[in-house]
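Residue numbers (my numbering): 27 to 487.
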C-alpha cells in the first residue's frame, strides 16, 4: 500500500502522513460563516477535504476517521445582515447553514462526522481566554481580552512573515487599549442589540480565531492530526489559532499537519463580491449537474490556483460522459468486489494529486471498454467504480446521467441500434453510411458524442 503524503504548510515540505493514533485519525476544516450563499470558491475546500477524508477512510477504515467541519454562527457579517434585513440572527444562520449543507451535498460532499457550532461552545471559549490571561499570554483591556503576540516566540512561523510585515499586511485595528498593534481579540464587548454572553469581562462575544481553537480542543483534543482550510486563512486566522492553542495547552502543537488549498480565480481575478464575479453554487447546480462542478474543482492540484470558466465545465461534462458511457455499456456486468488499482492510489495518495488520478481513471475506463472476457469486464468495472468512489465521481445511474430513464424502451432500442450501425459503418470506413445514420439520429433529436471509449448519446431538450 502506498503511503499517503501531504504538503505541510508549516514545514514547507511534503511529508508522509503518520497519525497520532491510527485508531482515531482526526481532521478539522474551517467551515462556513453562515449569512449568505456559498460561492464556487467556497466549494473548493469542501470538495478537496472531502476527497482527503475519503482517502483517510480508505487507508484506516471508515470508523477510524473523525472529520470535523465547523459552522461559524456568530460574526460581524451575520450581525450586519440581521440589521440590514431585520431578520433574527438565529433565523439567518439556521437557514444558510442548511442551504450550505444542501449545496455542498449537491457537489458530492458528505456531511462531516462532527459539525460544531460556535454558539454552542461559548463556555469553552471563555475558559480558554481566562487560561491565557492566567498564564500571561493575554490581557484584559476595556472589556476586551487580547492575545499578546510578543508573548509567543513562534508567532509568524506558519505564514513565514515578520511581525512588522504582518502588521503592515493586515488591516489590524489600531486601538488605544492594545499593548501592541498586532495583538488580536479573543473576546470583545457586545452592544445591547448584538448577541452576547456573560463572561468575567462583561457581556460579550468571542473573536473568530478563538472559536476554532476551542472547538477543536473540545472535539479532537489539544493536538490533532490535520487542520485544513483555504490558503487565505493562513494569516491571520490559522496563525492566530496556533498561537492561542499552543499557549493554552502548555506548548503542545495544535495540529501536526497544516493543509491549504489554493485560490479559485475567474479569468485573472480572484473571485470576490467586490469585483462582481461571484458564482454561487446554489445557482450553478441549476444549470449543471453537481458532479460536473465537483469534477471541475478536481482538475487542478488542490494547492495550485484554479481558473473557473464555462469551457472548463463543458470539458468536464464531456469527460463524465465518457466515464458514464463505459458504465452504461457495462450495465449488465456485475462489478467485481475489488479496490482501486495501485496505479490510481499511487497518484491520489501523492499529496492528493487529483489531475494525475483522473488521468489514471480514464486508463481504467479504457481498459474496461476494451475488456473481452466476462471476468476482465467485471474486474475493470469494479476498479472503475472503486477509483471513482475515492474522488466522488461515477457513482450515479448511467441511464439517469444521460437522461434516458424517461425514454420509451422501444425508442431506446431503436436509437441504440442506430448508434451500433453508425459505429460499424465508421469502423468499416463507410462514411456515407455513417453520415446517413447520423442524419437519422438527428431527426430523432439525439445528440451523439464520440470519444476514446466509444459513442454516447442523450436526447436533446
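Ideal Cβ positions, reconstructed from N, Cα and C, are used throughout, including at glycine.
Could you check what DSSP says for residue i in three-state terms: helix, strand or coil?
| i | result |
| --- | --- |
| residue 344 | helix |
| residue 230 | strand |
| residue 281 | strand |
| residue 408 | helix |
| residue 121 | helix |
| residue 477 | strand |
| residue 51 | strand |
| residue 137 | coil |
| residue 83 | helix |
| residue 424 | helix |
| residue 433 | coil |
| residue 42 | strand |
| residue 212 | strand |
| residue 359 | coil |
| residue 75 | helix |
| residue 219 | coil |
| residue 181 | coil |
| residue 204 | coil |
| residue 162 | coil |
| residue 287 | strand |
| residue 375 | coil |
| residue 98 | strand |
| residue 418 | coil |
| residue 59 | strand |
| residue 36 | coil |
| residue 236 | helix |
| residue 31 | strand |
| residue 172 | strand |
| residue 144 | helix |
| residue 186 | coil |
Would you mind working out which of the options sits nearest residue i, comparing C-alpha positions?
| i | options | result |
| --- | --- | --- |
| residue 466 | 97, 96, 441 | 441 |
| residue 81 | 396, 52, 360, 153 | 52 |
| residue 135 | 120, 395, 469, 316 | 316 |
| residue 146 | 454, 242, 322, 91 | 242 |
| residue 365 | 84, 185, 45, 29 | 84 |
| residue 16 | 432, 221, 287, 475 | A query on residue 16 cannot be resolved here, the shown segment of the chain reaching from 27 to 487 and no further. |
| residue 141 | 373, 164, 97, 86 | 97 |
| residue 185 | 285, 119, 318 | 285 |
| residue 79 | 137, 129, 329 | 137 |
| residue 229 | 217, 240, 239, 40 | 217 |
| residue 489 | 402, 167, 325, 107 | The requested residue 489 is not part of the displayed model; the chain covers only 27 to 487. |
| residue 345 | 468, 358, 324 | 324 |
| residue 40 | 163, 66, 378 | 378 |
| residue 64 | 331, 396, 117, 311 | 311 |
| residue 37 | 283, 225, 105, 131 | 283 |
| residue 166 | 221, 116, 225 | 225 |
Whole-angstrom Cβ separation of residue i and residue j, contact assumed at under 8 Å?
| i | j | result |
| --- | --- | --- |
| residue 94 | residue 245 | 5 Å |
| residue 361 | residue 338 | That belief does not hold up - the Cβ atoms of residue 361 and residue 338 are roughly 30 Å apart, past 8 Å. |
| residue 31 | residue 261 | Contact doesn't hold; Cβ gap of about 25 Å is too wide. |
| residue 208 | residue 250 | With 8 Å as the limit, residue 208 and residue 250 do not qualify as a contact, their Cβ atoms being about 26 Å apart. |
| residue 333 | residue 380 | That pair is no contact at about 16 Å. |
| residue 390 | residue 406 | 7 Å |
| residue 99 | residue 144 | 6 Å |
| residue 472 | residue 287 | Residue 472 to residue 287, Cβ: 40 Å. No contact. |
| residue 204 | residue 248 | 28 Å between Cβ atoms; not a contact. |
| residue 133 | residue 320 | 4 Å |
Is residue i near the ligand ADP, in the sense that its beta carbon is under 7 Å from a heavy atom of that ligand?
| i | result |
| --- | --- |
| residue 206 | This structure lacks the ligand ADP, and indeed carries no ligand of any kind. |
Original post:
Is the segment 208 to 223 touching the segment 168 to 179 in the sense that three or more CB pairs, one from each, lie closer than 8 Å?
Top reply: yes
Subject >> the segment 178 to 188 / the segment 256 to 269 touching (three or more Cβ pairs under 8 Å) >> reply: yes
Original post:
Does the count of Cβ pairs from the segment 412 to 430 and the segment 350 to 366 closer than 8 Å reach three?
Top reply: yes
Original post:
Would the segment 425 to 435 and the segment 401 to 410 be scored as touching if the rule is three or more Cβ pairs under 8 Å?
Top reply: no
Original post:
Using 8 Å as the threshold, is the segment 106 to 126 in touch with the segment 158 to 170, meaning 3 or more CB pairs across them?
Top reply: no
Original post:
Would the segment 117 to 125 and the segment 53 to 67 be scored as touching if the rule is three or more Cβ pairs under 8 Å?
Top reply: Judged by Cβ distances under 8 Å, the segment 117 to 125 makes contact with the segment 53 to 67, as three or more pairs qualify.
**OP:** For the segment 439 to 477, list the beta strand (DSSP E) runs that are entirely contained and at least 3 residues long, ordered along the chain.
**Re:** Within the segment 439 to 477, the complete beta strand (DSSP E) segments of 3 residues or longer fall at 472 to 477, listed in chain order.
Subject >> Minimum length 3: unbroken beta strand (DSSP E) runs contained in the segment 293 to 338 >> reply: none
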